[in-house]
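Residue numbers for the first sequence follow this note's numbering, so the first one is 12 and each next one is one higher. So the structure is just underneath, and the comments pick up after that.
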Amino acid sequence: MEHLTALRGFRDIYGEEIERFTLIERAARAYFQLLGYKEIEIPVLEKTELFKRSIGDTTDIVEKEMFTFTDRSGDSVTLRPEATAGIVRAYLQASLYAKERASRLFTVGPMFRHERPQKGRFRQFYQMDVEVFGIADPMADAELIWMVFLILGRLGVTNYTVEINSVGCRGCRDEFRKALVRFLESKKEGLCTDCAGRLDRNPLRIFDCKNAACFDAITDAPVIFDYLCDECRKHFDDCLGRLGAFHVPYVVNKRLVRGLDYYTRTVFEFTSPDLGAQKAFAAGGRYDNLVEEMGGPSIPGTGLAIGMERLALLVRELPPGQTPLYFLARVGEEAEAWLIPLLDAFVSSGMPLAYAQPARSLKSQLKYANSLGADYALILADEEVSKGIVLMRDMKDGTQKELPLDPAGLPRLVKG
RNA sequence: GUGGGUGUAGCUCAGCGGCAGAGCACCGGGCUGUGGACCCGGGUGUCGAGGGUUCGAACCCCUUCACUCACCCCA
């Protein structure tokens with residue numbers, strides 16, 4: 012009989028990878044706390060309408076990547092493809108804007124997109140998502156980028172680049188869009204079919220196309236950067252100035268755009284050449300109109316997402332276990348009876364005590380202890396039991412000493 | 001959704017028409033109470049699945065599934 016496997020793009024995360032996840036999360040949480048970010052848990056399943064309204068009807072995510080289905084009551088529901096929409100919904104539902112002048116929130120969890128899996132891309136993937144509501148000043152953008160910079164520093168990740176750009180506000184984006192469409196109409200023949208279609212619906216996305224022909228076509232295209240209004244330009248310059256003060260190195264990429272419609276002004280990406288084709292492992296930007304568009308008051312927002320799987324690929328070194336590992340080898344029935352009292356005593360003292368089950372030959376047990384990386388092996392056979400002692404073997408140098416067989420006192424004695 | 005690559009032991013892989021293999025891991029022994037180094041022994045398998053060609057298929061053909069990389073898209 013064929014055994015069942017997980018769905019394509021859905022994985023089990025365990026072993027070294029989950030240790031990397033834990034390491035990343037711990038580093039991130041430390042800075043979230045220092046900078047006043049509060050945790051929020053939001054549902055994995057939401058009304059489909061939420062994502063259509065926030066992410067944008069014509070984006071690829073909404074058009075062809077969402078896990079959308081009809082539930083038993085006939086409503087269209089969707090597994091969240093990203094977290095911002097849900098957090099905005101929660102922010103409005105809880106009327107947080109009326110309770111605090113600024114809200115700093117973060118959430119950690121799985122997202123779902125029905126894409127073809129490849130390196131660093133899965134259908135269920137994990138993000139740490141951070142959002143700031145109520146701060147129009149670019150300080151909030153800079154703070155977010157700096158925070159990622161700090162987390163990466165803590166994790167020892169160095170081979171990456173911060174790319175940053177501004178996509179402007181509604182006003183300058185409209186100006187730019189007109190100019191861009193005017194320009195591209197003249198180059199229409201050279202565009203790939205995808206981009207020809209984007210011309211009407213979402214011309215900004217043509218900048219993301221990796222097709223060589225399109226890349227050539229847009230070489231001389233106008234860039235949003237040159238169309239920024241005075242306020243947007245000032246916002247961007249201020250943001251860069253803040254990054255400088257934080258000593259965060261960055262590269263301005265005037266062609267950087269993002270795949271979600273709600274972004275305004277600041278957009279940024281952290282990329283690494285160590286990742287393969289999916290090289291962005293953290294990205295985000297400002298969304299000053301989103302809260303209002305979702306039916307709330309006019310409140311600015313800015314946020315980012317960190318891709319756990321991708322960042323985990325960049326975390327090279329795992330810290331070694333710091334507490335020594337003890338192992339109990341026992342031989343004979345008299346000795347076996349001491350397993351539970353000793354295990355109880357060690358664990359109650361916060362010390363790890365491993366053991367083989369079943370207890371085979373002493374040789375086999377020591378071999379097992381060695382494979383577990385035990386620092387010390389306690390050896391207990393009937394002979395020791397009758398003498399009221401236990402042997403403690405140092406697994407590094409092979410020296411042994413006798414200790415009294417006393418569960419209550421042994422954990423402390425063993426520590427030395 | 002499209003294209004390329006790969007599916008053989010727990011893991012990494014060799015074998016590419018003639019008995020199913022290696023290294024590592026694992027188990028046992030040398031050492032009946034002492035791990036790591038060494039020596040000896042042990043193969044633990046629907047060769048991804050289904051069908052076809054053939055005296056004979058892990059190998060050739062068809063179908064299918066899975067994994068993987070890339071396109072696309074994105075964290």
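Cβ coordinates follow ideal geometry from the N, Cα and C atoms, glycine included.
query: Under a Cβ-count criterion, where at least 16 other Cβ atoms within 10 Å of its own Cβ denotes burial, should Tyr25 be classed as buried or exposed?
result: As a working note, residue 25 is residue 14 in the first sequence. Counting of Cβ neighbours within 10 angstroms places Tyr25 among the exposed residues, the total staying below 16.
Simplified DSSP assignment, three categories, for Thr275: Against the first sequence, residue 275 aligns to sequence position 264. In the structure shown, Thr275 sits in a strand (DSSP, three-state: E or B).
query: Are Cys243 and Arg269 touching if we call contact CB-CB under 8 Å?
result: To locate residue 243, count along the first sequence from 1; it is residue 232. To locate residue 269, count along the first sequence from 1; it is residue 258. Inclusion of Cys243 and Arg269 in the CB contact set at 8 Å is not warranted, their separation being larger than that value.
task: Please confirm if the stretch 318-329 is in contact with the stretch 284-304, defined as three or more CB-CB distances below 8 Å between the two stretches.
output: The stretch 318-329 makes contact with the stretch 284-304, as at least three CB pairs between them are under 8 Å.
query: What residue does the alpha helix (DSSP H) around Ser106 start on, and which one ends it?
result: Walking along the first sequence from the start, residue 106 turns up at place 95. Going by DSSP, Ser106 is part of no alpha helix (DSSP H) at all; its letter is neither H nor E.
message: On the DSSP bridge list, what partners appear for Gly312?
response: The residue labelled residue 312 in the question sits at position 301 within the first sequence. BP columns for Gly312 point to Phe144.
message: How far does the alpha helix (DSSP H) with Asn381 in it extend, from its first residue to its last?
response: For the purposes of this step, residue 381 is taken as residue 370 along the first sequence, with counting starting at 1. That run of the alpha helix (DSSP H) goes 373-383.
message: Going by DSSP, what residue range makes up the alpha helix (DSSP H) through Met77?
response: One-based indexing of the first sequence puts residue 77 at position 66. That residue, Met77, is in no alpha helix (DSSP H); it is neither H nor E in DSSP.
query: Given a threshold of 16 other Cβ atoms within 10 Å of its Cβ, counted over all protein chains shown, does Thr89 qualify as buried or as exposed?
result: Taking the first sequence and counting its residues from 1, the one referred to as residue 89 is at position 78. By the 10 Å Cβ count, Thr89 comes out buried.
message: I'd like to confirm the pairing. Which residues does DSSP put opposite Leu391 in its beta bridges?
response: Indexing the first sequence from 1 puts residue 391 at position 380. As a beta-bridge residue in DSSP terms, Leu391 pairs with Arg341.
task: Say whether the stretch 134-142 touches the stretch 106-123, bearing in mind that this needs 3 or more beta-carbon pairs closer than 8 Å, one atom from each stretch.
output: With the cut-off at 8 Å, the stretch 134-142 and the stretch 106-123 touch.
Cut-off 7 Å between Cβ atoms - residues of its own chain near Glu328, not counting five sequence neighbours on either side: Looking up residue 328 in the first sequence gives position 317. Around Glu328: Gly167.
Identity of the residue in Asp241, Ala151, Leu45, Phe133 nearest Gly182 by Cα: Within the first sequence, the letter at position 171 stands for residue 182. For Gly182, the closest C-alpha among the options Asp241, Ala151, Leu45, Phe133 is that of Asp241.
- prompt: To the nearest angstrom, how far is it from the Cα of Arg165 to the Cα of Ala38?
  reply: In the first sequence, the residue the question calls residue 165 occupies position 154. In the first sequence, the residue the question calls residue 38 occupies position 27. Spanning the two alpha carbons is a distance of roughly 7 Å.
- request: Give a yes or no on whether the C-beta atoms belonging to Ala456 and Leu267 are separated by under 8 Å.
  value: Outside the displayed span of the chain (12 to 427) sits residue 456, for which this structure offers no information.
field: Extent of the continuous beta strand (DSSP E) to which Val401 belongs
entry: For the purposes of this step, residue 401 is taken as residue 390 along the first sequence, with counting starting at 1. Note, Val401: beta strand (DSSP E), 400-405.
task: Check whether the Cβ atoms of Met158 and Leu46 sit closer than 8 Å, and answer yes or no.
output: On the first sequence, residue 158 is found 147 positions in, with the first residue counted as 1. On the first sequence, residue 46 is found 35 positions in, with the first residue counted as 1. Between Met158 and Leu46, the gap from beta carbon to beta carbon is short of 8 Å.
task: Tell me whether Leu421 is buried or exposed, calling it buried when 16 or more other Cβ atoms sit within 10 Å of its Cβ.
output: For the purposes of this step, residue 421 is identified with residue 410 of the first sequence, where counting begins at 1. By the 10 Å Cβ count, Leu421 comes out buried.
query: For the alpha helix (DSSP H) that contains Lys426, what are its first and last residues?
result: Here residue 426 refers to the residue found at position 415 of the first sequence. Start and end: 421-426.
message: Between the stretch 107-119 and the stretch 140-151, can you find at least three pairs of beta-carbon atoms closer than 8 Å?
response: A contact exists between the stretch 140-151 and the stretch 107-119.
- request: Could you tell me the boundaries of the beta strand (DSSP E) in which Tyr366 lies?
  value: For this step, residue 366 is matched to residue 355 along the first sequence. Taken as a continuous stretch (DSSP letters only), the beta strand (DSSP E) holding Tyr366 covers 364-366.
query: For the stretch 95-109 against the stretch 70-80, are there 3 or more C-beta pairs whose distance is under 8 Å?
result: Touching, no.
message: Considering only the alpha carbon of each residue, which of Val401, Tyr379, Pro308 lies closest to Asp417?
response: Numbered from 1 along the first sequence, position 406 holds the residue referred to as residue 417. Selection Val401, Tyr379, Pro308 evaluated against Asp417 yields Val401 as nearest (Cα-Cα).
- prompt: In terms of alpha-carbon separation, which member of Asn300, Phe279, Leu377 lies closest to Ser309?
  reply: Position 298 of the first sequence, counted from the start, is the residue given in the question as residue 309. When the alpha-carbon of Ser309 is set against those of Asn300, Phe279, Leu377, the nearest one is in Asn300.
query: Which of the three DSSP states, helix, strand or coil, is assigned to Gln333?
result: Taking the first sequence and counting its residues from 1, one reaches residue 333 at position 322. In the displayed model, Gln333 falls within coil according to three-state DSSP, outside both helix and strand.
query: Taking C-alpha atoms, which residue in Glu280, Lys199, Met403 lies nearest to Ile339?
result: Indexing the first sequence from 1 puts residue 339 at position 328. Per the sequence presented here, residue 339 reads as Leu, with Ile not at that position. Comparing Cα positions, the closest option is Met403.
field: Contact set for Leu377: own chain, Cβ-Cβ below 7 Å, skip 5 residues either direction
entry: Looking up residue 377 in the first sequence gives position 366. Around Leu377: Ala340, Ala388.
field: Glu395 to Thr33 span [Cα, whole Å]
entry: Sequence index remark: in the first sequence, residue 395 carries index 384 (1-based). Sequence index remark: in the first sequence, residue 33 carries index 22 (1-based). About 41 Å.
query: Do Ile431 and Phe187 have their CB atoms nearer than 8 Å?
result: The structure shown does not extend to residue 431, since the chain is modelled only from 12 through 427, so no value can be given for it.
- prompt: By Cβ distance, which residues of its chain are closer than 6 Å to His246, with the 5 residues on each side in sequence left out?
  reply: Stepping through the first sequence from its first residue, residue 246 is reached at position 235. The answer, listed in chain order, is Pro149, Arg276.
Residues of its chain near Cys250, where Cβ-Cβ distance is below 7 Å and the 5 sequence neighbours each way are ignored: Mapped onto the first sequence, residue 250 falls at position 239. Setting aside the 5 residues that flank it on each side, Cys250 is surrounded in the same chain by Pro149, Asp152, Ala153, Thr277, each with a C-beta closer than 7 Å to its C-beta; the list follows chain order.
task: Spell out the partners DSSP gives Arg193 in its beta bridges.
output: Taking the first residue of the first sequence as 1, we reach residue 193 at position 182. In DSSP, Arg193 forms no bridge with anything.
- prompt: Taking C-alpha atoms, which residue in Gly312, Ala356, Leu56, Ser360 lies nearest to Tyr108?
  reply: Within the first sequence, the letter at position 97 stands for residue 108. It is Gly312.
message: I need the straight-line Cα distance from Ser283 to Asn264, nearest angstrom please.
response: Here residue 283 refers to the residue found at position 272 of the first sequence. Here residue 264 refers to the residue found at position 253 of the first sequence. The alpha-carbon atoms of Ser283 and Asn264 are separated by roughly 15 Å.
task: With Gly295 as the anchor, note down where its beta strand (DSSP E) starts and where it stops.
output: Along the first sequence, read from residue 1 onward, the residue named residue 295 stands at position 284. Here the beta strand (DSSP E) through Gly295 covers 291-297.
- prompt: Taking DSSP as the reference, what is the three-state secondary structure of Ile162?
  reply: Sequence index remark: in the first sequence, residue 162 carries index 151 (1-based). Three-state DSSP puts Ile162 in a helix.
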